[in-house]
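Please read the structure below before turning to the comments.
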Amino acid sequence: MSKFKYPVDTDQFQIIREQGLLYVDKTDLMFDLANRYRYVFLARPRRFGKSLLCNTFKAYFQGQKELFNGLKVMKLEKEWTKFPVLHFDMSELKNCTNIQSMRNILSDMIARYEEQFGAVKMIEEEGARFRRLLEHIYSSMGKQVVVLIDEYDAPMMRYLYDEKMRESVRSLLRGFYQIIKSGAAYLRFVFITGVTKFSQLSIFSELNNLYQISLLDGYSGICGITQNELNTVLRPCVEEFAEALGISTSKAYALLKKNYDGYHFSPKGQDVYAPFSLLRALNDKTTNHYWFESGTSTALLEHLKRYPITRALDYDGVEVCENEFSIPC
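If you read the sequence shown in the working numbering, its first letter stands for residue 8, the second for the next number, and so on.
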């Protein structure tokens, strides 16, 4: 049995800290973002720690100081001011088969916060209710609101090739996301995550001050586990992994690198490992295709059906511009 407790089945920061699970400290980067910018967007692959980062922001802005004992942010934050936080996990919408069920779930998300903060529930479209909720919280509490939107693109990814449904989803989300710009006076911080950037969705076309950190060197390691973190913070874990497999530590590093390394998110960025797969491997003391086993990418498989890749080598060394990572949808 491992002497380390790995967070292989939770992305809840509070649970990780309260139960003493392994946590690779990114709170200095979190603090920097929270106190340098107001609108931030981060794109990372599925199962790469985006939800954990959102939950860390949530705990930080709610002033849960006790959860951060021993972490880097404790030397940086002095005030621990509490702010009202609205956290929307848009992956809850991705399995909806029609626009009405999607609208119902989004409505329920808003309703939970209307009840929590004592706002009157109005019979209005979701965007109008979202704005009214922000206004109510600001006027009743005298504090600006923190908005965290995780997996913002999950509903769009499912219907990437269904033109009619895609347009309905886009219209629904546009009405919701555009409030982030028009309600700027009520907002302290906005953090949005996804796996890609839909260039024609209003969140990017209208919110032109959304700071995109996805391809910046300084934040290349904000999600995932860097080579340096694996060499230092997680070295005891790798040594235990090596012992269980009966191999040297150097061979264990090589094995993990072969299976789970290979991510670079900026020109001079760090080597980054897929965290879900790496931590599962260290926990299970074996190597497996954990990322794929955790769920296939429907959008990717559909794309490959339409545009099959006959030879992977045809793409070796191909240069692309940064804007080519955006999906024109």
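Glycine is no exception: its CB is placed at the ideal position from the N, C-alpha and C atoms.
Given the structure is predicted, the values throughout are model-derived calculations rather than measurements.
A Cβ-Cβ distance of about 5 Å is found for the pair ARG165 and LYS101, placing them in contact under the 8 Å criterion.
Listed in chain order, the non-local C-beta contacts of ALA135 below 6 Å within the same chain number zero, local neighbours out to five positions each way being set aside.
Scanning LYS150, SER108, ARG139 and LEU237 for the CA closest to the CA of LEU179 turns up SER108. Assignment of PHE124 by DSSP, reduced to helix, strand and coil, places it in the coil class. Excluding the 5 residues flanking it on each side, ASN62 has same chain C-beta neighbours closer than 6 Å at GLN19 and PHE20, in chain order. Ranked by how close their Cα comes to the Cα of GLY225, the residues LYS12, SER9, PRO14 and ASP39 have ASP39 in first place. Here the alpha carbon of LEU155 sits roughly 22 Å from the alpha carbon of GLU131. Residue pairing by DSSP places TYR218 opposite VAL47 in a beta bridge. ALA41 places its beta carbon less than 8 Å from that of PHE196. For LYS12 and SER189, the gap between their C-alpha atoms comes out near 44 Å. In this structure, DSSP gives TYR260 a helical state, which the three-state scheme calls helix.
Distances from the CA of ILE199 to each of PHE48, ARG43, THR34 and LEU289 were compared; the closest alpha carbon is that of PHE48.
Here the alpha carbons of ASN216 and GLY56 stand approximately 24 Å from one another. At a Cβ-Cβ threshold of 8 Å, VAL31 and ILE106 do not count as neighbours. Annotated as proximal: ARG54 and PHE283, with beta-carbon spacing under 8 Å.
DSSP places VAL153 within a strand segment (E or B) once states are collapsed to three.
In this structure, the straight-line span from the alpha carbon of LEU28 to that of SER255 is close to 26 Å. Annotation for ARG181: the continuous alpha helix (DSSP H) segment containing it runs 170-184. Ranked by Cα distance from ALA259, the first of LEU237, TRP87 and LEU60 is LEU237.
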